[in-house]
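Asks:
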Amino acid sequence: MFENLSERLGSVFDRLTKQGALTDDDVATALREVRVAFLEADVSLAVARDFVAKVQAKASGQQVTKSVTPGQQVVKIVHDELIKVLAGEGEADALKIDNPPATILMVGLQGSGKTTTTAKLAKRLKERMGKRVLIASLDTNRPAAMEQLAILATQVGVDSLPIVKGQTAVQIAKRAKTQAAMGGYDVVFLDTAGRLHIDQVLMDEIQAVRDIAEPRETLLVVDGLTGQDAVNVATEFDGKVGISGVVLTRMDGDGRGGAALSMRAVTGKPIRFVGLGEKMDALETFEAERVAGRILGMGDIVALVEKAQETFEAEAAERMAKRFAKGLFNMNDLRSQLEQMLKMGGMQGLMGMMPGMGKMAKQAESAGFDDTMLRRQIALISSMTKKERANPALLAASRKKRIAKGAGLEVQELNRLLKQHKQMADMMKKMGKGGGMKQAIKQMI
Ligand code: GDP
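So in the working numbering, spot 246 of the sequence shown is number 322, and the numbers just go up one at a time.
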């Protein structure tokens, strides 16, 4: 899986991590190569572009921590972005198979591996979760396919719906549901007919089956070797029948991997499983982190950077705690706190995370203390000179006017900010004496 892409990226980053200092040009060159490698792996152009742009933006704003090279940090950024592009909003949920019997509709083109995947999933649910599984083939066009599913069912030790000649797909689906309910099955798989290409007759049939079967999941099986075509097929199936997830098959082959990288970003649908061979055990759940690790193959570097970042943050927290304890809480400190708050989802988000602060978050919201306010406060601080930021005591009336004007705000608002700063500085000082400060700061950076 992903050998070619992995190799290409490996050589790009090997070079990058060996360099001590990195210029923006070095990073840009490396990222151009990443883009080419992605395109060669058949990742969609839009996804490849977006990926590189995001990495570029993060790499140029990165904090350089001691003990790792800038190249190593770029590797970590790429790793994190890979996880994001693979996982989308988050890891895919487990299959929804509560409320027995749960119907799982299997759809896909002929030859994609649909029947094989159905049997693999049935085996998995039976062996790992102790489920009673029934599988049924709705492929009325190909009696051989129906027989193949029955053979596979026997092989993996689950029941298959007896074949009745002359029934339509909808009739078989109804029979399967009844049988599943009466027979006390937990899960029933409906393996729909495939076609070589997407056509309206096929889609109409799947829609009719879907309406009768009311599946909890509709899984699309696509051949991972087909790259962007797999993504196009997913888009079409999703538009016409609605899918809840994707199974990418043949990921054991020397695939280019593009389907895996584009699927979530293009279709919005999660990859739930990957097929890794013809054997009935050759199926894995799709975990973005593990897949990203495989694609990049630089786990050591990623771990190293993570460790360095932790140390860096701990040291920064310690330095800040020491300064605050001495009453040295200036406008720069306040600004970085405000920026952190914004990053962490604003005031409400931050308070919502602290125990017992949920109510306060609501009050703060109704008092108009929201992201807009954070942004205004940051604008006010940015409008100060370096000296003023370091020593807010300098702020006489004329300076205040200038600062407020610079931020396009009223002096009143600046006064409120200064008062708030003073209160915070006093609080920090108190807390600093009592300890527990480092912990509080560490959470904020
Ligand atoms: P269907 O027409 O979509 O039902 O496809 P089948 O399930 O009959 O699979 C077609 C062929 O692909 C069979 O020879 C399977 O053994 C093979 N196949 C299915 N999944 C995989 C996989 O993940 N890896 C490999 N290498 N072969 C697979």
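The beta-carbon is built from N, C-alpha and C at its ideal position, and this holds for glycine as well.
In this text the structure is predicted, and so the values were computed from the model without any measurement.
Is residue 182 helix, strand or coil when you go by DSSP?
Replies: It is a strand residue.
Asks: Would you identify the three-state DSSP class for residue 313, choosing helix, strand or coil?
Replies: Here residue 313 sits in helix by DSSP.
Asks: Which runs of the alpha helix (DSSP H) at least 4 residues long sit entirely within the region 447 to 500? Give them in chain order.
Replies: Runs of the alpha helix (DSSP H) inside the region 447 to 500: 447 to 458, 462 to 466 and 473 to 483.
Asks: Considering only the beta carbon of each residue, do residue 151 and residue 89 sit closer than 8 Å?
Replies: Contact: yes.
Asks: Are the CB atoms of residue 489 and residue 452 nearer to each other than 8 Å?
Replies: Cβ atoms of residue 489 and residue 452: closer than 8 Å.
Asks: From residue 351 to residue 298, what distance separates their C-alpha atoms?
Replies: Going from the Cα of residue 351 to the Cα of residue 298 covers about 10 Å.
Asks: Over what stretch of residues does the alpha helix (DSSP H) that includes residue 404 continue unbroken?
Replies: Note, residue 404: premise wrong, no alpha helix (DSSP H); not H, not E.
Asks: Let me know the beta strand (DSSP E) ranges lying completely inside the region 352 to 384, each 3 residues or longer, listed in chain order.
Replies: Correct list: 359 to 361.
Asks: According to DSSP, is residue 170 part of a helix, a strand, or is it coil?
Replies: Note: residue 170 maps to coil in three-state DSSP.
Asks: How should residue 295 be labelled, buried or exposed, when 16 other C-beta atoms within 10 angstroms of its C-beta is the threshold for buried?
Replies: Answer is buried; the Cβ neighbour count reaches 16.
Asks: Can you list, in chain order, the residues of its chain whose CB lies under 8 Å from that of residue 430, leaving out five sequence neighbours each side?
Replies: Low confidence applies here, because residue 430 scores a pLDDT of 49, under 50, leaving its location unreliable and the question unanswered by this model.
Asks: Identify which residue in 322, 335, 343 and 385 has its Cα closest to the Cα of residue 361.
Replies: If we check each option's Cα against that of residue 361, 322 comes out closest.
Asks: Say whether the region 239 to 256 touches the region 204 to 218, bearing in mind that this needs 3 or more beta-carbon pairs closer than 8 Å, one atom from each stretch.
Replies: Enough Cβ pairs lie closer than 8 Å, so yes.
Asks: Could you pull out every residue in the same chain whose Cβ sits closer than 8 Å to the Cβ of residue 317, ignoring the five residues on either side in sequence?
Replies: Closer than 8 Å at Cβ, skipping near neighbours: 183, 279, 282, 283, 286 and 294.
Asks: Closer than 6 Å by C-beta to residue 230: which residues in its own chain qualify, once you throw out the five before and the five after it? Chain order, please.
Replies: For residue 230, where only same-chain residues beyond five positions count, there are no Cβ hits under 6 Å.
Asks: Am I right that residue 467 and residue 406 are in contact with their C-beta atoms under 8 Å? What's the rounded C-beta distance?
Replies: The pair is a contact, with the Cβ atoms about 7 Å apart (cut-off 8 Å).
Asks: If we ignore side chains and look at the alpha-carbon of each, how far apart do residue 228 and residue 149 end up?
Replies: Each residue's Cα considered, the two are about 48 Å apart.
Asks: Between which two residues does the beta strand (DSSP E) carrying residue 210 extend?
Replies: 209 to 213 is the extent of the beta strand (DSSP E) around residue 210.
Asks: Tell me whether residue 297 counts as near ligand 1, meaning its Cβ is closer than 7 Å to at least one heavy atom of that ligand.
Replies: It does: the Cβ of residue 297 is within 7 Å (strictly closer) of some heavy atom of ligand 1.
Asks: Just to confirm my understanding: we take residue 186, look at its own chain, exclude 5 residues before and 5 after, and list those with CB closer than 7 Å. What are they?
Replies: Excluding positions up to five away in sequence, the list reads 270, 271 and 272.
Asks: Can you tell me the Cα-Cα spacing of residue 455 and residue 399, whole angstroms?
Replies: Using only the alpha carbons, I get a separation of about 24 Å.
Asks: Can you tell me whether residue 96 sits near ligand 1, meaning its C-beta is under 7 Å from at least one heavy atom of the ligand?
Replies: Not under cutoff, so the answer is no.
Asks: From the DSSP output, in three-state form, read off residue 294 for me.
Replies: It is a strand residue.
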